[in-house]
Amino acid sequence: MDDWIKSGKVRARITDEGALEVRCFGLTTQAKYYKPLLREFFRKDFTRLRPGHGDYAVHIVMEYTGDPPWMDLDNLAKALLDSVSGNAFADDHQVARLLVERRVGEREGIYMRVEAMD
């Protein structure tokens, strides 16, 4: 069953465990590109989330093919966290665990998983 909500290059879903998963296909070296793209997606296409309280764990993966792109992962993380602030959680200071990684993949893109911590 395909439970992803899709618009252009972006898709997202809420898993059975209550985690938010976001996928954005394609890569750019400009991390700032992702913030308005995802904010617009959450505003127009994805069911409005209620910002949660408490601590959150976030896992971000940048997948690439060929040579690794010249992108600072810390800038990517900041842009993505800003894009889900006000949607998944009230403010990015609630992120208690953050893992950001770059790896070879079959298709270029960004994957993010946001989940409340117990």
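Going by the UniProt record's numbering, the first residue of the sequence shown is number 1, and it counts up by one from there. Ideal Cβ placement from N, Cα and C applies to all residues, glycine included. Predicted model only: the values in this text are computed from it and were never measured.
Is Leu-49 helix, strand or coil by DSSP?
coil
*asked:* Taking a contact to mean a Cβ-Cβ separation below 8 Å, would you say Thr-65 touches Glu-108 in this structure?
replied: Against a cut-off of 8 Å, the Cβ pair of Glu-108 and Thr-65 comes out as a contact.
Margin query: Please state whether the Cβ-Cβ distance between Val-114 and Ala-19 is less than 8 Å.
Written below: yes
Q) According to the neighbour-count rule (16 or more other Cβ atoms, all chains shown, within 10 Å of its Cβ), is Arg-50 buried or exposed? A) Arg-50 is exposed by the Cβ-count criterion.
Cα-Cα separation, Asp-91 to Ala-77: Looking at the two C-alpha atoms, the distance is approximately 14 Å.
I'd like the span of the beta strand (DSSP E) that includes Ala-12, first residue to last. Start and end: 10-14.
Neighbourhood of Cys-24 by C-beta distance below 6 Å, restricted to the same chain and skipping five residues each side:
Lys-9, Val-10, Gly-109, Ile-110
How would you label Met-1, buried or exposed, when you count the other beta carbons within 10 angstroms and need 16 or more for buried? Annotation note: pLDDT 46 at Met-1 (below 50); position unreliable, no value reported.
Checking 8 Å against the spacing of the C-beta atoms, do Gly-26 and Glu-63 come in under that value? no
Going along the chain, which unbroken runs of the alpha helix (DSSP H) with 4 or more residues stay wholly within the region 48-110?
The DSSP assignment places 73-84 as complete runs of the alpha helix (DSSP H) inside the region 48-110, in order along the chain (cut-off: 4 residues).
request  = Indicate the three-state DSSP secondary structure (helix, strand or coil) for Met-1 in the structure shown.
outcome  = In this predicted model, Met-1 has a pLDDT of only 46, less than 50, meaning its place in the structure is not dependable; the value taken from the coordinates is given anyway. The answer is coil: DSSP assigns Met-1 none of H, G, I, E or B.
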